[in-house]
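Remarks on the structure that follows.
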Amino acid sequence: MTFATKYGPWALVAGASDGLGAAFAAGLAERGVNVVLLARRQAVLDQVAADIESRTSAQTRTLAVDLAQPGAAAAIAEATADLEIGFLVYCAGADPNYQPFLANPIEAAEAMVQRNCMVPCSYATTSLPRWSAEQRGIVIFGSGAGLAGGSTWSPTALPRRSTWSSPRRCGSELHDKGVDVVGLILGKTDTPALRQLEHSRGQISSLDEVPAGAVAVDDVIAEAFENLTNGRLVRVAM
Numbered sequence: 019m020t021f022a023t024k025y026g027p028w029a030l031v032a033g034a035s036d037g038l039g040a041a042f043a044a045g046l047a048e049r050g051v052n053v054v055l056l057a058r059r060q061a062v063l064d065q066v067a068a069d070i071e072s073r074t075s076a077q078t079r080t081l082a083v084d085l086a087q088p089g090a091a092a093a094i095a096e097a098t099a100d101l102e103i104g105f106l107v108y109c110a111g112a113d114p115n116y117q118p119f120l121a122n123p124i125e126a127a128e129a130m131v132q133r134n135c136m137v138p139c140s141y142a143t144t145s146l147p148r149w150s151a152e153q154r155g156i157v158i159f160g161s162g163a164g165l166a167g168g169s170t171w172s173p174t175a176l177p178r179r180s181t182w183s184s185p186r187r188c189g190s191e192l193h194d195k196g197v198d199v200v201g202l203i204l205g206k207t208d209t210p211a212l213r214q215l216e217h218s219r220g221q222i223s224s225l226d227e228v229p230a231g232a233v234a235v236d237d238v239i240a241e242a243f244e245n246l247t248n249g250r251l252v253r254v255a256m
């Protein structure tokens with residue numbers, strides 16, 4: 019059985035505008051799976067889609083949705099109702115502020131919980147029942163921020179801890195139904211967001227510079243594909 023037969027014909031990648039999400043979408047397309055690219059910025063999604071279609075035979079569909087807004091999961095389900103989606107990659111939910119908890123309004127924390135917890139749960143409730151009789155796959159990205167404390171990590175830690183328990187519980191429940199579930203707990207990864215953060219802090223001199231100790235995106239994506247059938251949490255770049 020080919021990868022596309024097992025997990026296709028379509029995949030939904032949340033957080034597909036750059037970094038890990040865009041790389042995972044490209045990896046799926048290279049394996050013959052069509053991809054729905056989901057993020058907030060339509061113009062950037064269009065660029066990612068054009069790149070994928072120029073290099074592979076996969077089809078793409080772009081979906082500009084702000085996952086921090088109420089109704090996001092319903093909007094996704096409605097926009098993809100005509101597609102047979104067999105693979106979900108949830109790579110959205112990073113903290114865009116990276117500030118101490120009390121330095122931000124409560125709305126910032128609520129948005130984090132919405133992106134990291136509410137949308138995946140709501141989407142799963144709507145979509146997973148259709149997957150029960152099929153061989154499917156789910157990859158959920160988490161963060162090492164949930165492992166340790168830090169002066170600017172508290173807004174991220176709680177919702178990110180939920181991304182640890184979700185793959186384990188979901189994997190246990192769906193394993194006998196043929197759905198492969200893996201959770202990736204990330205350490206320091208060389209993404210555009212990390213470069214922007216470290217550049218703003220003077221830790222790197224240019225956005226073209228690789229942050230010290232950061233693992234390449236391609237290495238993280240390779241770990242994800244290698245562990246799809248293991249049904250467990252995988253720590254990467256830690």
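The numbering used here applies: residue 19 is where the sequence shown begins, and numbers increase by one. All residues carry an ideal CB built from backbone N, CA and C; glycine is no exception.
8 Å CB neighbourhood of residue i in its chain, flanking five on each side removed
i, result
"Val62", "Ser35 and Asp36"
"Leu212", "Lys206, Pro229 and Ala232"
Backbone CA spacing between residue i and residue j [nearest angstrom]
i, j, result
"Thr209", "Arg73", "22 Å"
"Ala240", "Thr247", "13 Å"
"Gly50", "Ala93", "26 Å"
"Phe42", "Ala99", "22 Å"
"Cys139", "Gln87", "14 Å"
"Asp264", "Gly33", "Beyond the ends of the chain as shown, which are 19 and 256, falls residue 264; an answer cannot be given."
"Ala22", "Asn122", "43 Å"
"Glu96", "Val31", "16 Å"
"Ser218", "Gly89", "33 Å"
Proximity of residue i and residue j at Cβ, strictly below 8 Å
i, j, result
"Leu85", "Ala67", "no"
"Leu202", "Phe159", "yes"
"Ala59", "Ala82", "What sits at residue 59 in the sequence shown is Arg, not Ala. In this structure, Ala82 lies closer than 8 Å to Arg59 by Cβ."
7 Å CB neighbourhood of residue i in its chain, flanking five on each side removed
i, result
"Ala47", "Val53, Ile70, Thr74 and Ala76"
"Glu102", "Pro27 and Trp28"
"Ala91", "Val137, Ser140, Tyr141 and Thr144"
Contacting residues, own chain, Cβ-Cβ under 6 Å from residue i (five flanking each side not counted)
i, result
"Gly45", "Ile239"
"Val157", "Val107, Val200 and Ala242"
"Gly155", "Tyr25, Phe105, Asp198 and Leu246"
Distance cut-off 7 Å: residue i Cβ against heavy atoms of the ligand FAD
i, result
"Gly39", "This structure does not include the ligand FAD; it has no bound ligands of any sort."
Residue i (DSSP reduced to helix, strand or coil)
i, result
"Val238", "helix"
"Asn134", "helix"
"Arg79", "strand"
*Counting Cβ pairs closer than 8 Å, one from the stretch 124-139 and one from the stretch 48-56, do we hit at least three?*
no
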